[in-house]
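What follows is a single structure, written as structure tokens, with notes after it.
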Amino acid sequence: MSRLLVVEDDQQIGTLIESALRANGHTVDWARTGAAALDLVDRHSFELVLLDLGLPDTDGLHVCREIRMREPDCVLVMLTARREEMDVIVGLEAGADDYLTKPFGLTELLARVRAHLRRASGKGAAQQTVFQSSDLRIEFDARRCEIRGTEVRLRGKEFDLLARLAADAGHAVSRETLMADVWDTNWFGSTKTLDVHMASLRRRLSDAAARLDPPAVLPPITTLRGHGYRLEVSAAPRR
Ligand code: CA
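As structure tokens, then:
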């Protein structure tokens, strides 16, 4: 059974979410402030956090960053009333894996939670166990990404994204496929989530490669305009 944390100051919305999740068999903690949320995160381990960004005591984005730092592997879904595209992007960059814009239906919320938990528990569907190209090595089952023997810490969805591309290395993987396989087959939102995660994945890999001496050589992730991405099977020629 999975333990979930709901961070929501609105009594009515919080009650609805909490009872819907409980009715679906989840163990739920409900924090009404950012401080209470961080306190709970310090004391328990959560598989998934639903985080309202508009909190009375703390900036929701701050809470998002803090939770991400303390629980690198939990699934973090923002609940936001903010419709501004920038806010969603900033939230994703602050560590959220996904977001729901208020008002949302409980059916949609439950479907999203179910999909995230299924993905979090059933990882490693790939037949292949190891991918190696140039200095990049991915161990799918161990969920480990190494660059010339040094582990690179990736966030959950960043790893999933890289692993999905690696499973089809040398081939194009469409945006739709990535959204379906890494997030949720029923995903109908925009694909900003994908863009932000791809940008941070690339940044983390290139930063890690640059820190080595001599700098590591990685197979590039090529952007295919209007289609998707391709992880190349060999390194880009050194310049
Ligand atoms: Ca609120």
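Counting in this note's numbering, the sequence shown runs from 4 upward without gaps. For every residue, glycine included, the Cβ atom is placed at its ideal position computed from N, Cα and C. Keep in mind the model is a prediction, meaning the values are calculated, not measured.
Next item on the list: Compute the distance between the beta-carbons of HIS29 and SER5, then report whether it is under 8 Å.
Entry: For the purposes of this step, residue 29 is taken as the residue at position 26 of the sequence shown. For the purposes of this step, residue 5 is taken as the residue at position 2 of the sequence shown. With contacts defined as CB atoms closer than 8 Å, HIS29 and SER5 qualify as a contacting pair.
Next item on the list: Identify, in the order they occur along the chain, each residue of the same chain with its Cβ nearer than 8 Å to the Cβ of GLU74, setting aside the five sequence neighbours on each side.
Entry: In the sequence shown, the residue the question calls residue 74 occupies position 71. If the five residues before and after GLU74 are omitted, its C-beta is found closer than 8 Å to the C-beta atoms of VAL44, SER48, PHE49 and VAL52, all from its own chain and listed in chain order.
Next item on the list: Could you tell me which of MET89, HIS200 and ARG146 sits nearest to ALA123, measuring between CA atoms?
Entry: For the purposes of this step, residue 123 is taken as the residue at position 120 of the sequence shown. Nearest to ALA123 by C-alpha distance, out of MET89, HIS200 and ARG146, is ARG146.
Checklist line | Simplified DSSP assignment, three categories, for GLY37 | finding: Residue 37 sits at position 34 when you count from the first residue of the sequence shown. Correct three-state label for GLY37: helix.
Next item on the list: Specify the secondary structure class of CYS67 as computed by DSSP and reduced to three states.
Entry: Position 64 of the sequence shown holds residue 67. It is helical.
Next item on the list: Check whether the Cβ of ASP12 lies closer than 7 Å to any heavy atom of ligand 1, and answer yes or no.
Entry: Residue 12 sits at position 9 when you count from the first residue of the sequence shown. At a cut-off of 7 Å, the beta-carbon of ASP12 counts as near ligand 1: some heavy atom of the ligand is closer than that.
Next item on the list: Just confirm the distance between the C-beta atoms of SER137 and LEU64, as a whole number of angstroms; I'd bet it's less than 8 Å.
Entry: Locating residue 137 in the sequence shown gives position 134, counting from the first residue. Locating residue 64 in the sequence shown gives position 61, counting from the first residue. Actually they do not touch by this definition, with Cβ atoms about 36 Å apart.
Next item on the list: Go to LEU79, then tell me how far its beta strand (DSSP E) extends in each direction, as first and last residue.
Entry: The residue given as residue 79 occupies position 76 in the sequence shown. 78-83 is the extent of the beta strand (DSSP E) around LEU79.
Item checked: Per-residue DSSP class, three states only, for GLY231 -> In the sequence shown, counting from the first residue as 1, residue 231 sits at position 228. Strand.
Note to self: At a cut-off of 7 Å, would you count LEU168 as near ligand 2, judging by its Cβ distance to the nearest heavy atom?
What the structure shows: Among the ligands in the structure shown, ligand 2 does not appear; only ligand 1 can be found there.
Check: Quick one: what does DSSP say PHE49 is sitting in, helix, strand or coil?
Finding: Counting from 1 along the sequence shown, the entry for residue 49 is found at position 46. The three-state secondary structure of PHE49, taken from DSSP, is coil.
Next item on the list: Give every residue of the same chain whose Cβ lies closer than 8 Å to the Cβ of ALA212, excluding the five residues on either side of it in the sequence, and list them in chain order.
Entry: If you number the sequence shown from 1, residue 212 lands on position 209. Within the same chain, ALA212 has close Cβ partners ASP138, ILE150, PRO218, ALA219, VAL220 and LEU221.
Checklist line | Of the residues THR196, TYR232 and TYR102, the one placed nearest ALA170, counting alpha carbons only | finding: Here the question's residue 170 lines up with position 167 in the sequence shown. When THR196, TYR232 and TYR102 are compared, the shortest CA-CA separation from ALA170 is found for TYR232.
Margin query: Given the structure, does LEU103 come close to ligand 1, in the sense that its CB is under 7 Å from one of the ligand's heavy atoms?
Written below: Within the sequence shown, numbered from 1, the residue matching residue 103 stands at position 100. Closer than 7 Å to some heavy atom of ligand 1: that does not describe the Cβ of LEU103.
Check: Would you say the beta carbon of GLY269 comes nearer than 7 Å to a heavy atom of ligand 1?
Finding: The chain is shown from 4 up to 242; residue 269 falls before or after that span and cannot be answered.
Next item on the list: Check whether the Cβ of ASP62 sits closer than 7 Å to any heavy atom of ligand 1, and report yes or no.
Entry: As a position in the sequence shown, residue 62 is number 59, starting the count at 1. False, no ligand heavy atom lies under 7 Å from that Cβ.
Note to self: Which same chain residues end up closer than 7 Å to ALA128 when comparing Cβ atoms and leaving out the 5 residues on each side of it in sequence?
What the structure shows: As a first step, residue 128 is located in the sequence shown; it is residue number 125 there, counting from the start. For ALA128, the predicted model reports a pLDDT of 45, less than 50, meaning its position is unreliable; a value from the coordinates is still stated below. Nothing listed; no residue qualifies.
Next item on the list: Pick helix, strand or coil for ASP163, following the three-state DSSP scheme.
Entry: Here residue 163 is taken as the residue at index 160 of the sequence shown, counted from 1. Correct three-state label for ASP163: helix.
Note to self: Please determine whether the Cβ atom of ASP55 lies at a distance below 7 Å from any heavy atom of ligand 1.
What the structure shows: As a working note, residue 55 is residue 52 in the sequence shown. Yes - ligand 1 has a heavy atom lying nearer than 7 Å to the Cβ of ASP55.
Check: Where does ALA128 fall in DSSP's three states?
Finding: Locating residue 128 in the sequence shown gives position 125, counting from the first residue. Only weak support exists for where ALA128 lies, its pLDDT of 45 falling under 50; the coordinates are left without a value.
Notebook entry, point to check: With DSSP run on the structure shown, which of helix, strand or coil describes GLU21?
Noted result: Taking the sequence shown and counting its residues from 1, one reaches residue 21 at position 18. Shown here, GLU21 sits in a helix according to DSSP, grouped into three states.
Notebook entry, point to check: If you draw a straight line from the C-alpha of VAL80 to the C-alpha of MET72, how long is it?
Noted result: Against the sequence shown, residue 80 aligns to sequence position 77. Against the sequence shown, residue 72 aligns to sequence position 69. Answer to the nearest angstrom: the Cα atoms are 15 Å apart.
Checklist line | Presumed contact (8 Å Cβ cut-off) between LEU82 and GLU11, rounded CB distance | finding: Taking the sequence shown and counting its residues from 1, the one referred to as residue 82 is at position 79. Taking the sequence shown and counting its residues from 1, the one referred to as residue 11 is at position 8. Rounded to whole angstroms, the Cβ separation of LEU82 and GLU11 is 7 Å, and the two are in contact under 8 Å.
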